[in-house]
Amino acid sequence: MRHLPKHLQPRWRYLAVGLESWPDAELSRRDLQAALWESARALLGDPGSADADLTVLRFSFDGGTGEAVVRVRRDEVTRSRAAVACVSSIDGQPVGLAVLGTSGTVRACEEKYLSERPQARGERTVAFGGAERPAVVRGSRLDVRRRGDDGFTGATNLDLEQG
Amino acid sequence: MYEAVHAHPEGESTVSRLAATAADYGYDGLVVRNHGALPTFDAGRIRDEFGVDVVRGVEVRAEDPAQASGYLGSLRQEAAVLALHGGSTALNRFAVRQERVDVLAHPMRDGDLNHVLVKAAAEHGVHLEVNLGRVLRTSGGRRVRTLSGLRKLRELIAAYDAPFVVSADAASHLELRAPRELFALGEVIGFDRDDVEAGLAEWGRIAAANREQVSESFVEPGVRRGRYEEADAVAGSDGHTAPEDGAEADR
C-alpha cells in the first residue's frame, strides 16, 4: 500500500525501557511484546491498547538485565508508561521494568538512555546470612543463590559479612 | 519522595539492594515496613553508598484490636514509621482513632472504610494508605476488586481531606517502580499526579516528624532545646540549671 501523506502518518514516541530479573531468567523480544500487550489490554482495555500501540523495536537481555526500545503513539505516553509499570512478571519470571526516558526518534532514544547499561558480571562465593553461598555479581549488586530451592536473594556488597 | 518496602528476610531483597534500585529510580528514601522482626541494616553506610535515607518502620499485624494495642505500645518507640496492617473492618475502626498509628496500611484489602472512619482518621492524623501493589501485580477479578476499593478510598480521602500515603508495596527490588511510573498509573486509575507525589513524599514527612520527637533536643510539642541552651548553662552554672547540665553530660 502507498505511504500515507506525511501529515497523516502517526506520530510516535520511543520509550527506553530498562529490564531486570534474576540471573537465570530467559526473556525474548517476543515474550516482552506479549507481556506488554497483555498488560495494556488488562489496564487500558482493547481500545486503549490499540491507541497506545506498544511495539518492541529493539531488545537485548542477558544474564538478568536488559533493555528495550518500545514505540508508542505520541499522545499515549502516560498510559503506555502505566502499562509498562504493570508488567510484573514475564513467562512466570519476576521482572522489574523502568522507563529510562522517552525520545522522538529511535536513535536519540538509544544514544541518550541505553548506551552505558551493559556491565561486567561474574560469579563468586560470598559470605551471606551466616553461610558461604554462590552469587552472581554485577558491580556492587549481588544475586545470592538461596539454599535448597533455586531462587535468589537480591543483595549488595554492604550485606556481606566481613572476614 | 519515599517508598515503603518489605525487605529480606520477609521480602526477596535486602534493604541495601532495595536502596540501590530506589536510588536509580530517584527516590530520596525508603521506609522498611516488615511485619515481624526488623532486618539489620546500617543506614549510615547505605546513605553513603547510595544516597538513600533508610527509615526504620514496622507494619504491625494483629488479629484483633486488643492484640494490636499491645504491639503498638511496645513498638512505638522503636519505629520512626508505625503502620498497622489493615485487616478486618473492626481493626480499621480501632486504628483510625489511634494517634500513635502513623499509617493504616491497605485498609480496603480485607476490610472496609466509611465516612465515619475516614473522618476519624483525619481527626487523629492517621494516614490511610493507597496501596498500588495489587494494581501492579495482580490481574482479573482480584485487581478489579482492588481498583473499586481504591476508588472508594480516593473519594473518601478527598471528601474529608484525610491524610494519606501512596506505595507500590514492593517486597523485592524487582517490584519497585519509579515515581513517574506510579504517577502514570495513578492517572489511569483516577488519581491526580500531584496526589500521588504528595502521597510518596508523606512517608518522609512522617519519618522526619517522629525522628524529631525522639531526638534529644525535643522536650514536648512546641518546646525544644535551642542553640542558646549551652550559653545559658554556662552563664548560670551556679546551680539552678542543673537539669541542662545533666542532659549535656548524657551526650
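Protein sequence lines, in the order shown, are assigned to chains Y and R.
When we follow our numbering, the leftmost residue of the first sequence carries the number 68, and every step to the right adds one.
When we follow our numbering, the leftmost residue of the second sequence carries the number -2, and every step to the right adds one.
Heads up, the beta-carbon is just placed ideally off N, CA and C, and yes, glycines get one too.
Since the structure is predicted, the reported quantities are computational estimates derived from the model, not experimental observations.
Neighbour list for residue i in chain R, Cβ cutoff strictly below 7 Å
i        : result
Y/Leu110 : Val185
Y/Thr145 : Ala181 and Glu184
Within chain Y, partners of residue i - CB distance below 7 Å
i        : result
R/His170 : Gly163 and Gly221
Short Cβ contact (7 Å threshold) for residue i with residue j
i        : j         : result
R/Ala17  : Y/Thr223  : yes
R/Gly83  : R/Ala102  : yes
Y/Phe195 : Y/Val173  : no
Y/Val137 : Y/Leu121  : yes
Y/Pro90  : Y/Gly115  : no
R/Arg53  : R/Ala76   : yes
R/Val51  : R/Leu79   : no
R/Val98  : R/Ala159  : no
R/Leu81  : R/Ala92   : yes
R/Leu15  : R/His170  : yes
Y/Cys153 : R/Leu147  : no
R/Asp25  : R/Met(-2) : yes
Where residue i sits in the DSSP three-state scheme
i        : result
Y/Pro114 : helix
R/Leu35  : coil
R/Val12  : helix
Y/Asp226 : helix
Y/Tyr180 : helix
R/His124 : strand
R/Arg44  : helix
R/His3   : coil
Y/Val144 : helix
Y/Tyr81  : strand
R/Leu110 : coil
R/His82  : strand
R/Glu178 : helix
R/Val55  : strand
Cβ of residue i within 7 Å of any chain Y Cβ
i        : result
R/His112 : no
R/Thr11  : yes
R/Leu182 : yes
Status (buried if at least 16 other CB within 10 Å, exposed otherwise) for residue i
i        : result
Y/Arg148 : buried
R/Met105 : buried
Y/Thr192 : exposed
R/Ser164 : buried
Y/His70  : exposed
R/Thr37  : exposed
Y/Met68  : exposed
Y/Glu178 : exposed
R/His32  : exposed
R/Asp191 : exposed
Min CB distance residue i to chain R below 7 Å
i        : result
Y/Arg148 : yes
Y/Asp226 : yes
Y/Thr192 : no
Y/Ala187 : no
Y/Thr122 : no
Y/Cys153 : yes
Neighbour list for residue i in chain Y, Cβ cutoff strictly below 9 Å
i        : result
R/Ala40  : By Cβ distance, chain Y contributes nothing, its closest Cβ being about 11 Å from R/Ala40, past 9 Å.
R/His5   : Gly196, Thr220, Gly221, Ala222 and Asp226
R/Tyr22  : Ala165
R/Glu278 : This structure cannot speak to residue 278 of chain R, because chain R is shown only from -2 to 248.
Contacts that residue i makes with chain R (C-beta to C-beta distance below 9 Å)
i        : result
Y/Ala102 : Neighbours of Y/Ala102 on chain R: none; closest Cβ ~11 Å, over 9 Å.
Y/Glu87  : Thr18, His170 and Leu171
Y/Ser170 : Going along chain R, no residue has its Cβ under 9 Å from Y/Ser170, so there is no contact; the nearest lies around 15 Å.
Interface partners of residue i on chain Y, CB under 8 Å
i        : result
R/Ala255 : Shown here, chain R extends from -2 to 248; a query on residue 255 of chain R therefore has no answer.
Residues that residue i contacts on chain R, provided the C-beta gap is smaller than 8 Å
i        : result
Y/Asp208 : Here residue 208 of chain Y is Arg; the residue named in the question, Asp, does not match the sequence. Residues of chain R passing the Cβ test: Arg14 and Ala17.
Y/Ser127 : Chain R residues near Y/Ser127: none, gap ~18 Å exceeds 8 Å.
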